[in-house]
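To keep things clear, I will list the structure first and then write my remarks on it.
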């Protein structure tokens with residue numbers, strides 16, 4: 001088994017930083033194929049094994065993409081691709097709690113919804129209404145398909161965020177759903193009124209968007225996420241009672 005020493009790690013990190021700088025400087029562009037390994041290693045002044053480790057790290061970061069039998073390419077470098085790992089961060093930081101992620105989402109999503117109010121096309125306003133109609137149909141079934149409702153909820157929020165005019169903001173919101181998805185599932189399963197309350201909140205957001213009213217859209221989006229955020233205090237209270245008992 002090959003182990004990497006501290007000195008090797010430092011060389012690999014330098015190689016990673018150099019490749020990143022080449023991208024920043026425009027020497028390597030999105031979609032461009034990297035030079036062959038031997039030539040690139042010589043250009044960077046590192047061993048080929050070091051270059052391979054640097055490339056592996058950049059592939060994990062979604063900066064590079066290895067195509068079997070074809071070589072290594074710079075990815076599109078789109079914000080949604082580079083920020084994709086944020087959902088994993090949200091999932092593994094259990095100690096931070098879903099409430100903290102929802103708090104950040106409340107701040108960001110309210111702004112994104114306000115920005116979308118004047119940008120979202122009429123066709124997508126219709127699409128939002130269709131998503132709400134479908135969700136209401138699912139909510140009327142017995143038993144309620146919570147997974148389907150969550151999928152519709154995600155589509156609703158993602159469609160709005162996609163029209164905020166800021167690709168980075170949209171990507172951050174989309175990729176903060178790791179923990180918050182499970183929070184919404186709990187809310188739907190533990191509170192019989194939660195599904196209908198969520199649909200009413202979505203309708204209020206939709207009406208504000210239809211009116212092209214940025215401030216109302218901002219307010220209703222913040223209130224919606226706040227409702228989910230506050231619902232998380234309920235299971236914590238139950239856990240506290242159980243611990244005392």
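Residue numbers (the UniProt record's numbering): 1 to 245.
C-beta atoms are modelled at their ideal positions from N, C-alpha and C, and glycine is treated no differently.
Can the beta-carbon of residue i be found closer than 9 Å to that of residue j?
i: residue 64; j: residue 19; result: yes
i: residue 36; j: residue 14; result: no
i: residue 116; j: residue 209; result: yes
i: residue 38; j: residue 72; result: no
Classify residue i as buried or exposed, calling it buried when 16 or more other Cβ atoms lie within 10 Å of its own Cβ.
i: residue 137; result: exposed
i: residue 207; result: exposed
i: residue 218; result: buried
i: residue 94; result: Only weak support is given to the placement of residue 94: the predicted model assigns it a pLDDT of 47, under 50, and the question is left unresolved by the model.
i: residue 164; result: buried
i: residue 74; result: buried
i: residue 25; result: exposed
How big is the Cα-Cα spacing for residue i and residue j?
i: residue 29; j: residue 161; result: 27 Å
i: residue 57; j: residue 16; result: 8 Å
i: residue 220; j: residue 155; result: 17 Å
i: residue 110; j: residue 170; result: 12 Å
i: residue 205; j: residue 174; result: 18 Å
i: residue 49; j: residue 41; result: 9 Å
i: residue 213; j: residue 114; result: 8 Å
i: residue 12; j: residue 31; result: 23 Å
i: residue 23; j: residue 61; result: 14 Å
i: residue 123; j: residue 144; result: 29 Å
i: residue 8; j: residue 51; result: 11 Å
i: residue 83; j: residue 197; result: 31 Å
i: residue 159; j: residue 129; result: 11 Å
i: residue 70; j: residue 21; result: 24 Å
Take residue i and list the residues in its own chain whose beta-carbon comes closer than 7 Å to its own, dropping the five residues that flank it on each side.
i: residue 149; result: 135, 138, 139, 188, 195
i: residue 106; result: 222, 225, 226, 229
i: residue 108; result: 169, 172, 173
Check whether the Cβ of residue i lies closer than 9 Å to any Cβ atom in chain C.
i: residue 118; result: You won't find chain C in this structure, because it holds only one protein chain.
For residue i, which residues of its own chain have a beta-carbon under 6 Å away from its beta-carbon, when the five flanking residues on both sides are left out?
i: residue 79; result: 167, 168, 171
i: residue 44; result: 15, 18
i: residue 119; result: 163, 165
To which residues of the same chain is residue i closer than 8 Å at the C-beta, ignoring the five residues directly before and after it?
i: residue 121; result: 163
Taking only runs that begin and end inside the region 28 to 96, name each unbroken beta strand (DSSP E) of 3 or more residues, in chain order.
-> You should have 64 to 67, 71 to 74.
With a floor of 4 residues, list each alpha helix (DSSP H) that falls wholly inside the region 130 to 187, ordered by position along the chain.
-> Secondary structure in the region 130 to 187: the alpha helix (DSSP H) runs of 4 residues or longer, each lying completely within the stretch, are 146 to 161, 167 to 174 in chain order.
At 4 residues or longer, and completely inside the region 196 to 239: list those alpha helix (DSSP H) runs for me, N to C.
-> Runs found: 214 to 231.
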